[in-house]
Every structure is written in structure tokens, then in C-alpha cells.
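The opening residue of the sequence shown carries number 1 in the working numbering; numbering runs sequentially from there. Even for Gly, the Cβ is constructed at its ideal location relative to N, Cα and C.
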Amino acid sequence: MVTTEHPPQNRLRTWMLQGLSDMGKAGGHTGPHAEPEPPHKGQPWWRVMCLTGVDYFSTLGYQPGIAALAAGLLSPIATIVLVIVTLAGALPVYRRVADESPHGEGSIAMLERLLSFWQGKLFVLTLLGFAATDFLITITLSAADASTHLVENPHLTSALHDKQMLITLVLVALLGAVFLKGFLEAIGVAVALVGLYLTLNVVVVIVGLWHVVTAGHVVTDWSNALTTEHGNIFAMVGVALLVFPKLALGLSGFETGVAVMPHVKGDDGDTEENPVGRIRDTKKLLTAAALIMSVFLIATSFITTLLIPEKEFESGGPANGRALAYLAHDYLGGVFGTVYDVSTIAILWFAGASAMAGLLNLMPRYLPRYGMAPHWARAVRPMVIVFTLIGFLVTWVFDADVDAQGGAYATGVLVLISSAAIAVTIAARKAGQRGWTIGFAAISAVFLYVTVANVIERPDGVKIGACFIAGIILVSLLSRLARAFELRVTSVTLDDMAERFIRDIASRKIRFIANEPDQRDKAEYRDKIEQIRADNDMPEQEDFVFVEVTVTDPSEFEASLTVRGEVMHNRYRVLTLESSSIPNALAALLLHVRDTTGCTPHIYFEWTEGGPFANFMRFFLFGQGEVAPVTREVLREAEPDRVRRPRVHTG
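Next comes the structure, spelled out in C-alpha cells:
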């Protein structure tokens, strides 16, 4: 293929688009990280668990406070409901996702395989919108909570009062600056952060439980208040189920858990086609993370509910968004509390880094392949700037408020988990596993209920998600439109018969006739040749080869091209191709023939009936329509030298 690469005009452009030319190639790296571990190499599962843990475990920074605001005295019971849903619902679902998608593609890729054509693309774009909501709100919510820990620190609160918005914006900007410089996934840093953070939380939990045990009246007061407020255990469970959607933040981290699968070491005998050890160890990763988080969620919700006055959780209160830090300062002193604050700020900030990395890896996995991203979107640094600016906007819209962003975050998390549950249900049904199908269907119903309830209770989440979806779809379609005239063929392969046709005709003048296959009878080819000769005033002795393109999935963008030759009715030579777009396939074939023979090929068309706009839309959506002028335009973009450009004739 002949393509034109315009050299960067200045150093800034070179730096911004560094690595762009390698994007989208087979095996090419499309994310901000270092190259993935070589095949069968990697890290032990428990170390990789810490990489997902910076996102999952960091929610302890704000989850107890959110649970207390949502459920009040019922926070421990509501958290137990959350843990049950985690262990009996989300965990089995994502263990199955690890089975079905062992290379880190996740549930979106599973669902993508179920749908084709434009409905499949639009469905994936919708899921990408919710994934963008999840990851971007992770960045802004984590930064907001980190700034809360900083502002509410007793030693700094007077100096930093009313500076939370500014601090949050600085943290988001700092995150973007790190990625602009070049961010490498540091599993070692994640292990250190998670180890320190969980250790400090163990200390806080033990001290909190000690105070609960030694002050017996605390438990009595809590149980009496519960009975007075809700009457009996059944009423308590019912209310806990109703408020459960507000606690859905505690389910975050599972999608990240399967996304990091390629980093899991697995067994020496693993292959990319059958990574048995990687799948097994990823299941260990998911299970261990879920169990650890479940223990901490129950323990922290219990001690924070019993030991912190309810009014302290309210907006502006010292425990709002930092319940465990409040206990650390109150019961372990300023020094330990400050260390706890620093560790929480570090892991929350690193959770934002993990989310940014997830965004930069997720979008290039789909959008460039669909032709739905500008060229510069393949490079990391321009996308970092885009996501950072969106982060600023989200922070400003939500006023750097952790509680206000909870709805949007929960919506993104729940939609992804619901889609994963539906994907594994379909996978189990296709595998003929009736029991698993019923079980996963029930889990899907639970998550769909929780998602709908969350949307009804906090519609701001789905509104933000809808904005991301609309933005992604609009930008994607505009990008696809702008790239409509690209060559879009990665390689051309001719079978033996096709090569024989090309070698034979290259000894004379290479003339192709573009033919839309219909009956494919003798009269069709005879009449087509007569029409081309009459339209172009050509003598009868001129020799032709027919080219016929069958459109497969017009929503696909890039693909390889296989050309097969056949002789029809013992007389007419025909090259047959399958492609998502007729003009792009024809242009690719012409350039390939020119490059292999050294001769300039000619191709002949008849004008397409109908209006130009309607025909162009047919080309854009269905790969066929205004074939002749679009083929010429694709050739013009691919080969700027008019002398070397294949000739297009239309009559």
C-alpha cells in the first residue's frame, strides 16, 4: 500500500504524537504503559492484585462515609448486603469473564462478539461511554477525596480552608502531567502503597473494635436505636436492600481486575491460545481481592457507624468522605492520623493513575479499529490532555464534592457489571450449561435492578453517562466520516489464479472492469464489456479482467484483502474480493497491482444512478454507493503523485 506520511513540522508536534506511527499495527502498543510482559512471563498474581487494589481498596477512603450517609444506623447491615452481592454475584461473574476473555479485553469484548454491523458498534460505543464515566469519575472522585483528607487534616485545615476545589484541580493536573511525561505501570509501587494502606487500616480497625468492645454501651445504644427506628430485623433488611444501590461504589475494581490479566504470570506451559495458569491465577486474584475488601467493608462500616456521631458524616462535617481518617486522628493521635492521611492521599491519587491508564488502553482498543477516532487519538499525549480537560470540567460541575459524584461513579460501575453479567449468561447458555445460565441470569436481574434503582434515585449518574455516550458517538461518527477516504486495507493477498491473471494482462495494458455481481451469467459479462467499450469508445481487441467486490460487514474499518481468481463460462476472467467497502477495496487492489507489476492499471466504471448525497450515505453506512468518484478520491489521498496514480474511467 502507498500512504503518505507528512513529517512533523516542529518539536512540539513530534513530542505530542510520539509513537503514533506504531499504533494499530499487529502487536503494536496502543496504551500508555510499557510493553506488556513477554509471553508466559509476568508477575505473581498477588502482586498484580495490588495493581487493581489501588483502585478497589482505595474506596475505603470514602465508602464508609458514603454508606453512613445512605443507610445511617443500618450502614453495617447494608454493607453486609453489599458483601453478599459481591461474593455471590460480582465475583462469579468476573471469574467467568476471566475464562472467556483471558487476554484482558473484559466483558465489552465478550458482548462485541455477539453483535455485528452497526448495531454492534453502537452498542460497544454505549458501553465505552459508561466505561469512560466510570474511569473519569474515578479520577475526579479520588482526587476530590484526596483533597478532602488534606483539607480536613487538623494541622492543615486552617491554612487550606476553602481550597478543596483548587487542590483537586491541581491533583488532576498533576496526574495529567505524569502521563504527559510518560507513565510506566509500576507494580512495585502499587504493592508498596496497598501494603502500607491496608496495614494502617488494620491498625485503625483493631483500635476501633477495641473501643467498641471496651465501651459496651456503644453496641447497646446502636441496637436500641435500630430497633426503635426500624422495628424488627426483616424491616431492617428490607430498608438495607432499598438503600443498597447507593453503596454500589464498593463493587468497583472487578473490571480492572480482568483488564490486568496479561500481567499475571501463570504457568510455564501456558500459551496465548490456552493460558490455563493465567486464568487460574486471575481467579485467585479476583477472589482474594473480593475477600479482603469484604472483610474491610464490614469492619469499617461497623466501627465508623458506632463510633462517629451521625452529624459528623454530613456535608462539611469532619468525617465526610474521610470516616476512617477521622477515627485515626481521634483515637491514634495526630502523627498516626497524618501518616494515614498521606497514605490515603497517595493511594487515591494512584487510583486516578490506574483509571487514566485504563482509559488510555480502552479507547485505542476499539475506536481506531472502528475508524472512529482521529489519527492523533492513537497517540497517548493528546488523549491525556483531552481526558485531563474533561476531568477539570467534571470537577468544576460537581464542585469537587465526593458525595455528589457518587451517583455518576456508581452508574458507570453498575452498567459495566450488569453488562458483564449478561455476557456470561449468554456465554453459559451457548455452552449448554443450564445451571450456570439460570444462576447468571438471576445475578443479571439483581444488577439490572440495582442499576435501574440507582438511576432513578440519582439520575445525575446516567445524565453524565449519557453525555459521555453522546460525545463518544458524535466524535466517532465524525472521525469515521473524516477518514472515509482512507485506504483502510492492511494487506492484499492474491491466490494463484489471480496472480496468473495479473501477470498475463500486465504484458499488455492492465484494464479492469468494476462489476456489481448479479446473476453472473454469460449475458451479464458480455453486456458489461460492450457497455464499457461503447461508453469509452474503445476497440474490440482490448482485453479486460472483471473485479467483483462483495460487501461483508460495512461497519468494519480496517481489514486484510484476499483476492481470488476464477474463469466464468470458460471465457471471462473475474477477480473476487470481500471487503467492508467497495471503493477502498478496489483502490487497494489497484495500488497493489501497480506496485507488483510496475504498470499503471486502469479501471472502468459506470455511473451510479441516484442523487450524490444519498449515494454517499450508502457508501458511508453500507460500503457501496458512489463507487467511481470515491475510488478515485481514495486513490488521490493514498497516492499524491498523479503520474503514478492508477487511472479511473467512468462512462
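Checklist entry - Whose C-beta lies closer than 6 Å to the C-beta of Val-549 among residues of the same chain, with five residues either side of it excluded? => result Leu-577, Ser-579, Ile-582 and Ala-585
Item to check | Under the three-state DSSP convention, the category His-211 falls into | outcome: helix
Checklist entry - What is the rounded straight-line gap between the Cα of Gln-43 and the Cα of Met-261? => result 10 Å
Next on the checklist: Tell me the residue span of the beta strand (DSSP E) that contains His-649.
Outcome noted: 647-650
Checklist entry - Cα separation between Arg-632 and Trp-118? => result 26 Å
Checklist entry - How is Ser-419 classed by DSSP in three states: helix, strand or coil? => result helix
Item to check | Chain-order list of residues whose beta-carbon lies under 7 Å from that of Thr-271 (same chain, five-residue window excluded) | outcome: none
Checklist entry - Which residue comes first and which comes last in the beta strand (DSSP E) that contains Ala-248? => result Ala-248 -> no beta strand (DSSP E), and no H or E assigned at all.
Checklist entry - Is the beta carbon of Thr-652 less than 8 Å from the beta carbon of Val-402? => result Residue 652 lies beyond the residue range present for the chain, which begins at 1 and ends at 651; the question has no answer from this structure.
Checklist entry - Is it buried or exposed for Arg-488, if we count other Cβ within 10 angstroms and need 16 for buried? => result buried
Item to check | Contacting residues, own chain, Cβ-Cβ under 6 Å from Tyr-340 (five flanking each side not counted) | outcome: Leu-200, Ala-325 and Ala-328
Next on the checklist: Could you check whether Ile-417 and Phe-296 sit closer than 8 Å to each other, using their CB atoms as the reference points?
Outcome noted: no
Item to check | Residues near Ile-206 in its chain [Cβ-Cβ closer than 8 Å; skip 5 each side] | outcome: none
Next on the checklist: Going by C-alpha to C-alpha distance, which of Phe-440, Thr-256 and Gly-439 sits closest to Met-356?
Outcome noted: Thr-256
Item to check | Beta-ladder partner(s) of Leu-60, from DSSP | outcome: For Leu-60, which the question treats as bridged, DSSP gives no partner whatsoever.
Checklist entry - Near Ala-71, what residues of its chain come up, given a Cβ to Cβ distance below 6 Å and the 5 sequence neighbours on each side ignored? => result Ala-78 and Val-243
Next on the checklist: Once the 5 residues before and after Tyr-193 are set aside, which same chain residues still bring their CB inside 8 Å of it?
Outcome noted: In the sequence as displayed, the identity of residue 193 is Leu instead of Tyr. Only Cys-50, Val-54, Ser-343, Ala-346, Ile-347 and Phe-350 meet the Cβ criterion.
Checklist entry - Between Leu-127 and Tyr-409, which are expected to be in contact by the criterion C-beta below 8 Å, what is the C-beta distance as a whole number of angstroms? => result Not quite, the Cβ-Cβ distance comes to about 16 Å (not below 8 Å), so this is no contact.
Item to check | Opening and closing residue of the beta strand (DSSP E) in which Glu-548 lies | outcome: 545-551
Checklist entry - What is the rounded straight-line gap between the Cα of Glu-639 and the Cα of Arg-571? => result 33 Å
Next on the checklist: Do Ala-319 and Gly-65 count as a contact pair if the criterion is CB distance below 8 Å?
Outcome noted: yes
Next on the checklist: Relative to the C-alpha of Phe-557, which candidate in Leu-575, Leu-125, Arg-480 and Pro-459 has its C-alpha closest?
Outcome noted: Arg-480
Checklist entry - For the candidate residues Ala-131, Leu-306 and His-602, whose alpha-carbon lies nearest to that of Thr-215? => result The sequence as given places Ala at residue 215; Thr does not occur at that position. Among Ala-131, Leu-306 and His-602, the Cα nearest to that of Ala-215 is on Leu-306.
Checklist entry - If you pair each beta-carbon of the segment 517-528 with each one of the segment 451-463, do three or more pairs fall below 8 Å? => result no
Next on the checklist: Let me make sure I understand the geometry here. Which of Val-264, Pro-601, Phe-57 and Val-643 has the alpha-carbon closest to that of His-103?
Outcome noted: Val-264
Item to check | Close beta carbons around Ile-603, own chain, < 8 Å, minus the five adjacent residues each side | outcome: Arg-511, Phe-512, Ile-513, Ala-514, Val-547, Leu-586, Leu-590, Thr-631, Pro-646, Arg-647, Val-648 and His-649
Checklist entry - DSSP three-state call for His-103: helix, strand or coil? => result coil
Checklist entry - Starting from Ala-559 and walking both ways along the beta strand (DSSP E), at which residues does that stretch end? => result 559-568
Item to check | Outcome for Leu-60 when other beta-carbon atoms lying within 10 angstroms are tallied against a minimum of 16 | outcome: buried
Checklist entry - Once you ignore the five residues that flank Met-538 on each side, which residues in its own chain have a CB closer than 8 Å to its CB? => result Ile-532
Checklist entry - Helix, strand or coil: how does DSSP classify Leu-156 here? => result coil
Item to check | Which of helix, strand or coil DSSP assigns to Leu-666 | outcome: There is no way to answer for residue 666, as the model of the chain reaches only from 1 to 651.
Item to check | Bounding residues of the alpha helix (DSSP H) (the contiguous stretch that carries Phe-468) | outcome: 459-482
Checklist entry - Among the residues of its own chain, which have a CB less than 6 Å from the CB of Pro-36, if the five just before and after it don't count? => result Model confidence at Pro-36 stands at a pLDDT of 42, short of 50, so the residue's coordinates are unreliable; what they give is reported in the following sentence. Closer than 6 Å at the Cβ level, and outside the excluded window around Pro-36, lie Pro-262.
Item to check | Thr-562 versus Met-497 - alpha carbon distance | outcome: 12 Å
Checklist entry - For Pro-554, which option in Ser-315, Thr-596, Leu-91 and Ala-484 has the closest C-alpha, if you only look at C-alpha atoms? => result Ala-484
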